[in-house]
Amino acid sequence: GDSVTQMEGPVTLSEEAFLTINCTYTATGYPSLFWYVQYPGEGLQLLLKATKADDKGSNKGFEATYRKETTSFHLEKGSVQVSDSAVYFCALSDGTDKLIFGTGTRLQVFP
Amino acid sequence: DTEVTQTPKHLVMGMTNKKSLKCEQHMGHRAMYWYKQKAKKPPELMFVYSYEKLSINESVPSRFSPECPNSSLLNLHLHALQPEDSALYLCASSQQLAGPHHMLFFGSGTQLSVL
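Protein chains in written order, with the numbering used here: chain A, 86 to 196; chain B, 663 to 777.
Following this line, the structure appears as structure tokens:
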């Protein structure tokens, strides 16, 4: 079945460092791809999305490009802040009623 | 209003208690979801309602009973829970059930502890 694989965390960075969180997927069709973020003690928030190959989703300085050839949707940010510390979930929607989540990657940013 | 509101935020209950979790959205979304999230794990889908009808039950034990009284409200009734049911319970809604715009809006969750 369809699945999402994320890099193991935690990812520990200093403020203003460059961030990459890797996400790859397996799907038989043409899924839509999402990044959700969960801040401590809160629910998940949609960060960005891409619905077809070569689409780039972006929000709050974060970007991810839907790469069909490498089945990837890596999350990047040029300069992280302490307030970006959270857990990031990659997810796919394969056209059924379910959203398939990766295992999550914890990001810790230190001043 | 782009919020999904869940109450209560925290709940402690004994194994013989009956309690309910509540979820409300006023975005006109027609799909609503219950997820269970254990610490350091992704959310696990429990139930999906579409147009107020139960669409998916992910083989959830009968001690969890969902209810969708109207298009804005979703309840989760709890009875005779076990300590391993302690988790964060998340409600979510989406404009449509599936497809390229299957974006979920989540509430902040109810942190449930079963003693």
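C-beta atoms are modelled at their ideal positions from N, C-alpha and C, and glycine is treated no differently.
Determine which residues of the segment 172 to 192 of chain A have a Cβ less than 7 Å from any Cβ of chain B, and write them out in chain order. Going along the segment 172 to 192 of chain A in chain order, one finds F174, S178, G180, T181, D182, K183, L184, F186, G187, T188 and G189 with a Cβ nearer than 7 Å to chain B.
B/P731 in three-state terms, based on DSSP: DSSP, reduced to helix, strand and coil, places B/P731 within a strand of the structure shown.
At the level of alpha carbons, what is the spacing between A/L203 and B/V674? Nothing about residue 203 of chain A can be reported from this structure: the residues present for chain A run from 86 to 196 only.
Using 8 Å as the threshold, is the C-beta distance between B/L752 and B/F726 below it? No; because the gap between Cβ atoms is not below 8 Å, this pair is not in contact.
Nearest candidate by alpha-carbon position, reference B/L743, set B/M677, B/L766 and B/P670: When each option's Cα is compared against that of B/L743, the closest is B/M677.
Using 8 Å as the cut-off, can you tell me whether the segment 114 to 126 of chain A makes contact with the segment 175 to 187 of chain A, which would need three or more C-beta pairs spanning the two stretches below that distance? The segment 114 to 126 of chain A is in contact with the segment 175 to 187 of chain A.
From the beta carbon of A/K141, is the nearest beta carbon of chain B less than 8 Å away? No - not a single Cβ of chain B is within 8 Å of the one on A/K141.
Roughly how many angstroms separate the alpha carbons of B/Q757 and B/Y695, rounded to a whole number? So the two alpha carbons sit approximately 12 Å from each other.
Quick one: list the residues of chain A neighbouring B/P704, beta-carbon separation under 8 Å, in chain order. Those within 8 Å of B/P704 in chain A are F174, F186, G187, T188 and G189.
Between which two residues does the beta strand (DSSP E) holding A/F195 run? First-last of the beta strand (DSSP E) with A/F195: T190 to F195.
Buried or exposed, going by whether 16 or more other CB atoms sit within 10 Å of the CB of A/K134? With 16 or more Cβ atoms within 10 Å of its Cβ, A/K134 is classed as buried.
Of all the CB atoms in chain B, is at least one closer than 8 Å to the CB of A/K145? Residue-level contact by beta carbon fails for A/K145 and chain B, as no gap is shorter than 8 Å.
At a cut of 8 Å, does the segment 187 to 194 of chain A reach the segment 711 to 727 of chain B through at least three beta carbon pairs? The answer is no - the segment 711 to 727 of chain B does not touch the segment 187 to 194 of chain A, with fewer than three Cβ pairs under 8 Å.
Count the other CB atoms within 10 Å of the CB of A/K162; is the residue buried (16 or more) or exposed (fewer)? With 16 or more Cβ atoms within 10 Å of its Cβ, A/K162 is classed as buried.
For A/T105, collect the residues of the same chain with a Cβ closer than 8 Å to its Cβ; drop the 5 residues on either side in sequence, then sort them by chain order. Around A/T105: H159, L160 and E161.
A/L133: contacting residues in chain B (beta-carbon distance under 9 Å): Near A/L133 there are no residues of chain B at all, since even the closest Cβ is about 10 Å away, more than 9 Å.
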